[in-house]
Amino acid sequence: MSEILAGLRVLDFCWIGAGALVTQTLALHGAEVIKIESRARPDNLRVAPPVRPGTSGLDASGYFASRNASKKSFALNMSHPAAVSVARRLARASSVVTSNFRPGVMERWGLSYQELSAGQPDLIYLTMPMQGATGPHSRYAGFGSTIAALSGLVAPSGLPGRVPVGTGTHYPDHVPNPGHALVALLAALVHRNRTGRGGRIELSQFESTTGLLGPAVLRYSVTGNQPSARGNRVPWAAPHGVYPCLGDDTWIAISAGTEAQWAALSGVLARSEPGGDGEPGEDLAADPRFAGLDSRREHEDALDGMVAARTARWDRWELMGRLQAAGVPASVVETTGDVFDDPVLAARRYWRVLEHPVMGPVRNASAPHLWNGQPVSPASPAPLLGQHTEEISTDLLGLSADEYRQLVADGVLW
Amino acid sequence: MAEASAEPAPTVLDSIKVLDWTDQAGAYAGRLLADLGADVVRVEAVTDSGPWPEERVPSGQGHEVSAFERFVNLNKRSILINTDTPAGRELLSLLAEQADIVLTSGEAPRHWRQAGRTRREQGAPAYVNVSAFGDGAGAGLHADDLVTLAAGGLLSLGGYPDSEPVAVYGSQAYLAGGISGAIAALLGLLAADAGQPGADLDVSAQAVMASALEDAAAEFDLTGVVRRRTGDGLREAGTGTFRCADGWIVVVAGKLGTAAAWDSLVGWLCDQDVPGAEALKGPEWTDLSHRRLPASIAEFQPLMEAATSRMTRAQLYEELQSRRIAAAPVNNIADLLADPQLADRGFFRTVRDAVLDRDVSYPGPPYRLEDHRMPEWTSAPVPGGQTDQVLRDWLGTPDDQLGALRADGAIG
């Protein structure tokens, strides 16, 4: 199923976070993604941890490998005057050009949409500037975590009275921004199939992330109410939280959104022996303070304390299984190690081990969908820097061996 | 650029028909396609059985409605079908045969199976189901947004070291599942364009979350180290959330930043006459591994907050950005509506909402396709508000038959 986008060539100037995930998804589905990078200015992720102990260098970063699988790497030193004509020839041979630089960088190289689309009206050109190409803050610097703060996502994420914490990651780089960019890019491809026309897509990473605050914006415009930090509690369900289990720093997330789920939760927790079928203990549902959602919300401190006292006696996986069997939404709070052993993800064959020449075996993520029941997994690991320069120079650009060697010697293909 | 002609240029997804039979876990997928010009028809049959689990806003009629529901259903049409009747189920199948994309989530797949039809038999080029655990091994599992965040690992990274993990605000797992649903739907359409038979796409929101663990999954894979939530603690000097006079500011001048950003930050602290800041000019501080030492973080943080606590978020944002340091205020919603950049770009829009019976604000679309025509926005529908119109448009149903279907209780 990796052949859906076969024949689609993407010239990819994206680096670091959000953009690289856009083109990785295209590559997973069969597009030929040619990543432009150079030793003169490597992708920051190539020098970022983690690395496997005993490995080092520009080809050892697990961070880089996690978002560049199945791509080709073309080493092109864009600061060399001769590089632009090579880039333009690659663009001419491509259907899609992607970048996520600050406004002005592609233009300075003569690689603007206007220039590249002249004579190539079906070109699709994706640019992902942090705050958009126009406006007073268009040249501001940022990363995923600063965009999350700007967008309003961080302020209500945390415990009341403490520093707001957001997701603890550069979330906008991983979900809204690559996701929205892919929607626009794939829709533009659908449109091109029908009309023969391409176009320029601009994704402001700030705007794209703010889009996910839509319900809060809408509510504020009607009521004037701001969302506030409330931990894991929500107005529409109780208990709705994260509770301890047996072991160090092990947790389960439980949500009782209906009276039936609350009764079922209470029933499971009333078992005197976790995992056993012994005499039922105290049934929380019998406590009049916990009759009905409004009353549970009113006594939520007591409720959460009593739930936590009971979950703490359970093995997290066993409790999840019992609760799910009883119809209660619940999951182990999986750690970044647990996800590799998760039985449901394993059944979907979500992680695919690929042998990387420097890093050794690396577990790569597949697409989040199954296609007619089959995973869509990367065919090859992240490329070494410049791994495909010679192949692309000769096969695609038609350079002779001498011309190729000269460009290498001149520091253009570097 | 639109060509000069009497006919308006087609929208991006002009003439693409989408049957949207989703609940909160998948509805954002259809919203994204509707924004691009697809004719997205919401089937109200399953999800009206219970309230959408999101914060409420008062409607014009005295009851409360879900802000989330109004957000994810913008630009769609709505049809009310009673899927408990054979005629209603038949109608649903006829609509699915006309659709380019069928989107489902929640209880919809079960209804479809009960109708005795597999998905591929629905005839649409792309059938997409969005669920927390996928429709295979995890099909029987129960989940909401919080549980999905937990299952995908993202929840383990949120919160404070001294408390339970804390979830991110705003039903992010539902929205992320919706985005992935839209991506899958468009890939399915492209496959059909390439001559492939219909695609059945089973989106797992758990998998979406597991792909959003930053470098932490790779860290475990390569080193065996499980990353834990850091909360209010800094991971390195130069990067973190700092108290200011009117709230908080986030600064990144560390691992992902450049050496220039760190130098610039130290220069700023010295210019602020923070006592002790000169020590940060020592050569050892240019090394990331030094800035990650607990002792380094403990030395840096009070110096930073001595400077930031004297200034407002807006002052710091401008001041630090002028020195090319990636900084951003921790904004609330009112701040967003007043943000000069968003205002300059005309980002927020006003839509007259048909259920709330008043103007409401929406963030603009997450992208701009300047060479394509984007449709005008229309209110999220009143449930069943376009039943007759949709049946006429999609199936050519004559008026007398509409009356008969309504009399039989097949449509609302």
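Protein sequences appear in the order of chains A and B. Residues 81 to 494 in our numbering are what the first sequence lists, from first letter to last. Residues 678 to 1089 in our numbering are what the second sequence lists, from first letter to last. Using N, Cα and C, we set each Cβ at its ideal position, and we do this for glycine too.
Quick one, which residues of the segment 217-233 of chain A are near chain B if we go by CB-CB under 9 Å, in chain order? H217, S218, R219, Y220, A221, G222, F223, G224, S225, T226, I227, A228, A229, L230, S231, G232 and L233
Is there contact here, the segment 909-916 of chain B with the segment 866-881 of chain B, by at least three beta-carbon pairs under 8 Å? no
Does the Cβ of Q1066/B have 16 or more other Cβ atoms within 10 Å, making it buried, or fewer, making it exposed? exposed
Compare the C-beta of I114/A with all C-beta atoms of chain B and state if any pair is closer than 8 Å. no
Cα-Cα separation, G1073/B to L713/B: 25 Å
Secondary structure of D725/B, DSSP reduced to three states: Confidence at D725/B is low in this model, with a pLDDT of 47, below 50, so the placement of that residue is unreliable and no value is reported for it.
For E470/A, I'd like the list of residues in its chain whose CB is within less than 7 Å of its CB, leaving aside the five on either flank, ordered along the chain. Y484
Grab me the residues of G858/B's own chain with a C-beta within less than 7 Å of its C-beta, minus the 5 sequence neighbours each way, in chain order. G703, A706, L780, V805, V807 and V880
What does a CB cutoff of less than 6 Å around R132/A pick up in its chain, not counting 5 residues either side in sequence? M439
Under a CB-based cut-off of 8 Å, is H819/B close to chain A? yes
Work out the CA separation of Q992/B and W1071/B for me, nearest whole Å. 55 Å
Backbone CA spacing between F810/B and W945/B [nearest angstrom]: 48 Å
Collapsed DSSP secondary structure at T416/A in the structure displayed: coil
Is V902/B buried or exposed, if buried means 16 or more other CB atoms sit within 10 Å of its CB? exposed
Alpha-carbon spacing of A844/B relative to S308/A, whole angstroms: 13 Å
Using only the alpha-carbon positions, how far apart do S726/B and D700/B sit? Annotation note: pLDDT 46 at S726/B (below 50); position unreliable, coordinate value reported separately. Whole-angstrom Cα-Cα distance: 10 Å.
Following a CB-centred definition, is M158/A positioned closer than 7 Å to any heavy atom of the ligand MN? The ligand MN is not part of this structure, which contains no ligands at all.
The segment 237-252 of chain A / the segment 474-488 of chain A touching (three or more Cβ pairs under 8 Å): no
Quick check: is the beta carbon of V457/A nearer than 8 Å to any beta carbon in chain B? According to the sequence provided, residue 457/A is Ser. The question's Val does not apply to it. No, S457/A does not count as interfacial toward chain B.
Between L106/A and L85/A, is the Cβ-Cβ spacing less than 8 Å? yes
Comparing C-alpha positions only, which one of P735/B, R719/B and V742/B sits nearest to W729/B? V742/B
I'd like the list of long-range same chain contacts for I1002/B, defined as Cβ closer than 6 Å, with 5 residues on each side in sequence excluded. A930, A938, S941 and L942
Grab the span of the alpha helix (DSSP H) containing L230/A for me, first residue to last. G224 to L230
Exposed unless 16 or more other CB atoms sit within 10 angstroms - verdict on V1059/B: exposed
Which whole-angstrom value is the C-beta distance of S141/A and R126/A, which I expect to be below 8 Å? 5 Å
Check the C-beta distance from V718/B over to V695/B and give it rounded, since I have them as a contact under 8 Å. 7 Å
Can you give me the C-alpha to C-alpha distance between A350/A and L364/A, rounded to a whole angstrom? 7 Å
Can you list, in chain order, the residues of its chain with a C-beta nearer than 7 Å to that of T289/A? Leave out the 5 residues immediately preceding and following it. I227, A228, S231, L233, P252, P256 and N257
Cβ of D898/B less than 8 Å from any chain A Cβ? yes
Less than 8 Å between the C-beta atoms of A155/A and R119/A, yes or no? yes
At the 8 Å Cβ level, is V1032/B part of the contact set with chain A, yes or no? no
Run the CB neighbour count on A447/A, radius 10 Å, all protein chains shown included, and call it buried at 16 or more, exposed below. buried
The beta strand (DSSP E) spanning E741/B covers which residue range? E741 to S743
Assign G815/B to buried or exposed, taking buried as 16 or more other Cβ atoms, counted over all protein chains shown, within 10 Å of its Cβ. buried
Please list, in chain order, the chain B residues whose beta carbon lies closer than 8 Å to that of P122/A. Ordered by position in chain B, no residue passes the 8 Å Cβ test against P122/A, which lies about 13 Å from the chain.
Which residues, taken in chain order from the segment 906-931 of chain B, show a beta carbon closer than 7 Å to some beta carbon of chain A? R906, T907, G908, D909, T918, W925, V927 and V929
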